[in-house]
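So the structure is just underneath, and the comments pick up after that.
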Amino acid sequence: MEFGAYLTGAFGQSRDLYKVRNEAKRDRDSQEVVERKIAEETRKIINLQQEADLDFIIDPMFKFFYLSQPLVEQVGGVKEDRQENWYNNNVFYRCEIHGPIDVQNSFTEKYLYLDELPQNGTAMAILPSPYTLLTRSIVTGYSTLEEAITNLAEVLQAEAQQLVSKGIGRIQYDEPEVVVRQSLGSLREEDLKLLQRGIEICGKIDGATTSLHTYFGDAGPLIPFLKNLPVDCIGIDGT
26 MEFGAYLTGA FGQSRDLYKV RNEAKRDRDS QEVVERKIAE ETRKIINLQQ
76 EADLDFIIDP MFKFFYLSQP LVEQVGGVKE DRQENWYNNN VFYRCEIHGP
126 IDVQNSFTEK YLYLDELPQN GTAMAILPSP YTLLTRSIVT GYSTLEEAIT
176 NLAEVLQAEA QQLVSKGIGR IQYDEPEVVV RQSLGSLREE DLKLLQRGIE
226 ICGKIDGATT SLHTYFGDAG PLIPFLKNLP VDCIGIDGT
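Under our numbering, the first residue of the sequence shown is numbered 26, with each subsequent residue one higher.
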């Protein structure tokens with residue numbers, strides 16, 4: 026077993042970016058100015074990561090407001106639901122899925138500056154884990170939870186493969202829900218089976234390595250289970 030440390034997004038925006046976004050919201054500036062500022066700061070953050078010789082380089086995700094946003098805005102059968110707090114922090118989440126869903130084209134690509142990322146296999150992209158996506162969304166249209174997570178994992182697997190075709194070398198699946206439930210004492214055997222089912226489908230991606238990243242809870246008791254999942258790395262948030 027190898028241990029490593031790396032940065033995982035999204036990055037906090039600068040005061041300058043915050044200012045131009047606020048100006049655009051008040052119709053005192055244009056969205057084009059915002060886009061130029063995002064592009065400028067994205068290049069800066071990517072360059073800083075490369076100068077620091079990090080093993081994995083990510084887009085700082087300045088175009089994201091919440092992790093499921095690309096699905097909500099780009100995929101039929103997925104829509105914006107009521108705003109909910111994302112695990113008691115200052116980020117919000119809203120997603121309603123009426124399945125089964127089928128995706129033909131990449132839904133994440135337009136939110137990332139893929140041309141600015143290195144093409145040597147060190148670029149990393151972040152997607153929601155199928156289990157967290159399932160449990161944190163309002164989900165209808167499936168006869169069972171296993172059917173639902175199978176469909177969601179297949180969609181994420183296809184999206185990961187699309188990103189790899191654009192030069193991404195590492196796919197990270199964000200998985201806070203399993204450790205949150207573990208910490209609250211509400212995790213059931215069924216939850217672990219659903220997570221395992223999802224990762225069995227999307228955990229191995231041709232041409233890339235994968236990680237399952239946990240946070241917002243104590244992953245310690247789950248490490249024996251997590252390390253047997255079919256991913257190349259288990260991420261454990263350090264605070």
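Don't be surprised by glycine CBs; every beta carbon is placed ideally from N, CA and C.
With respect to the 8 Å criterion, P155 and C227 are classified as neighbours on the basis of their beta carbons. About 6 Å separates the Cβ atoms of G194 and A148, confirming a contact at the 8 Å cut-off. In the displayed model, E200 falls within coil according to three-state DSSP, outside both helix and strand. Burial is judged here by how many other beta carbons sit within 10 angstroms of a residue's own beta carbon; I163 has fewer than 16 and is exposed. A residue is called buried once 16 or more other Cβ atoms fall within 10 Å of its Cβ, and S190, having fewer, is exposed.
For G223, the enclosing alpha helix (DSSP H) starts and ends at E214 to C227. DSSP, read as helix, strand or coil, puts P85 in coil. For the pair of segments examined, the stretch 37-55 was found not to touch the stretch 91-98: the number of CB pairs separated by less than 8 Å stays below three. Going by beta carbons, R68 and E141 fall inside the 8 Å limit.
In the DSSP assignment, I151 falls within the beta strand (DSSP E) that extends over A148 to P153.
At a Cβ-Cβ threshold of 8 Å, I230 and Q186 count as neighbours.
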